[in-house]
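Data block below; observations after.
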Amino acid sequence: MSAIQVRPADECRYDILSLGEVMLRLDPGEGRIRTARSFRAWEGGGEYNVARGLRRCFGQRAAVVTAFAKNEVGLLMEDFILQGGVDTSLIKWAETDGIGRTVRNGLNFTERGFGIRGAVGCSDRGNTAASQLKPGDIDWEYIFGTLGVRWFHTGGIFAALSETTGPVVIEAARTAKKYGTVVSYDLNYRPSLWKGFGGLKKCREINREIARYVDVMIGNEEDFTACLGFEIEGADENLTDLEVASFQKMIATAIREFPNFKATATTMRGVKTATVNDWGAMSWCNGEFYTATHRPDLEIMDRVGGGDSFASGFIYGLMELGDPQKAVEYGAAHGALAMTTPGDTTMASLAEVEKIVAGAGARVDR
1 MSAIQVRPAD
11 ECRYDILSLG
21 EVMLRLDPGE
31 GRIRTARSFR
41 AWEGGGEYNV
51 ARGLRRCFGQ
61 RAAVVTAFAK
71 NEVGLLMEDF
81 ILQGGVDTSL
91 IKWAETDGIG
101 RTVRNGLNFT
111 ERGFGIRGAV
121 GCSDRGNTAA
131 SQLKPGDIDW
141 EYIFGTLGVR
151 WFHTGGIFAA
161 LSETTGPVVI
171 EAARTAKKYG
181 TVVSYDLNYR
191 PSLWKGFGGL
201 KKCREINREI
211 ARYVDVMIGN
221 EEDFTACLGF
231 EIEGADENLT
241 DLEVASFQKM
251 IATAIREFPN
261 FKATATTMRG
271 VKTATVNDWG
281 AMSWCNGEFY
291 TATHRPDLEI
301 MDRVGGGDSF
311 ASGFIYGLME
321 LGDPQKAVEY
331 GAAHGALAMT
341 TPGDTTMASL
351 AEVEKIVAGA
361 GARVDR
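UniProt numbering numbers the first residue of the sequence shown as 1 and each following residue consecutively.
If you want it as structure tokens, here you go:
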């Protein structure tokens, strides 16, 4: 059984709270960004996607802490979040000057890729309201102490947005721990975000401080190496014996340095083409390693958000089922399902996840 102790539901308003930036995703569908004449709009963000997945697929009470510029685009983003069933009452609104000179909302242009053409992302997120959040802006004592939260999730994308967002994560995680809230963190290393203020050195400084407050750490070898400074030899992108051994070695190093880690997890993706990936996952909990069912040649429609959907399924398995093996299986199944539909966020149901975990195929349900 899981070593993670979660606060009783009747003591808390929220089962899951995420902290992160939510951007407007503009998707050209089967086309290219550079030649598009129309885009489909979605919402998405690495940390937010986890809370939304836990709400829509797994039925948990979810909220997000983020910030928007108060204009029509910000209101559109709020409407998307409301459609996803996530509580918006903790969003911080920033007044605008009408043209985005002082504050704006982030945009993320994403094309899915196909075959030999990989997915492409082009973000436009400078000077956003979320990136301007700083310590003291959010009343964490009220959120964790008065409202009550069972599980808090955030990640390295939000921490890397600006010089002030990393300290916001530290402030939030420290307060969460004070009130017995479980803290999970997805390292999600993005070198393009860190290079503007200190690069790899600053990345490690901030992430190693955050790691002191984390119960459940999520990330692959690249994430652990870049963000926490663990050099692991022999890693590749395929779910091989070598990959498994390197993950185990990495975790052994991590838990010696950060004994507060109660669980860790990673997805394992072997990229054959943009639309065919090998897909698997591993986790560590209670001193044991757990491996999800390996899915070779998984067909992908839209890979963006697959890792976030893994995280939401993994969290559900630990929080509600208390079973590390089920947690990694639910995470891997949910991530696989999420990549069969467009957009960053899940369209899967709990029944579908349980069907996949049970080994069912893709025959028509009638």
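In this text, a Cβ means the ideal position worked out from N, Cα and C, and glycines have one as well.
- Apart from the 5 residues on each side of it in sequence, T253 sits with its Cβ closer than 7 Å to the Cβ of F230 in its chain, given in chain order.
- One Cα belongs to A3, the other to Y290, and the distance between them is close to 14 Å.
- In this structure R25 is not in contact with D297, their Cβ atoms being roughly 27 Å apart against a cut-off of 8 Å.
- Just measuring C-alpha positions, the residue of W194, A67, R61, G199 sitting nearest V103 is A67.
- Listed in chain order, the beta strand (DSSP E) elements of length 3 or more contained wholly in the stretch 13-64 are 14-19, 23-27, 40-44.
- Between the beta-carbon of G155 and that of Y185 there is about 6 Å, and that keeps the pair under the 8 Å contact cut.
- Here K134 carries a coil assignment [DSSP, helix/strand/coil].
- Shown here, R295 sits in a strand according to DSSP, grouped into three states.
- Around the beta-carbon of S38, fewer than 16 other beta-carbon atoms lie within 10 Å, marking it exposed.
- Going by DSSP, M268 is part of the beta strand (DSSP E) stretching over 263-273.
- Annotated as distal: A36 and A274, with beta-carbon spacing of 9 Å or more.
- In the structure shown, the three-state DSSP call for K201 is helix.
- For the 9 Å CB-CB criterion, R61 and I16 form a contact.
- About 13 Å separates the beta carbon of T267 from that of F224, a gap too long to meet the 8 Å contact definition.
- Nearest neighbour of S18 by Cα position, chosen from E163, R52, V328, turns out to be R52.
- Here DSSP, grouped into helix, strand and coil, assigns R174 to helix.
- In the three-state reduction of the DSSP assignment, L350 falls in the helix class.
- A contact is defined here as three or more CB-CB pairs under 8 Å, and the stretch 81-91 fails this definition with respect to the stretch 99-114.
- Taking the C-beta atoms as reference points, A336 is found no nearer than 9 Å to G317.
- Assignment of E111 by DSSP, reduced to helix, strand and coil, places it in the strand class.
- Judged by DSSP secondary structure, Y185 falls within the beta strand (DSSP E) whose first and last residues are 182-186.
- In the structure shown, T146 falls within a helical segment according to DSSP collapsed to helix, strand and coil.
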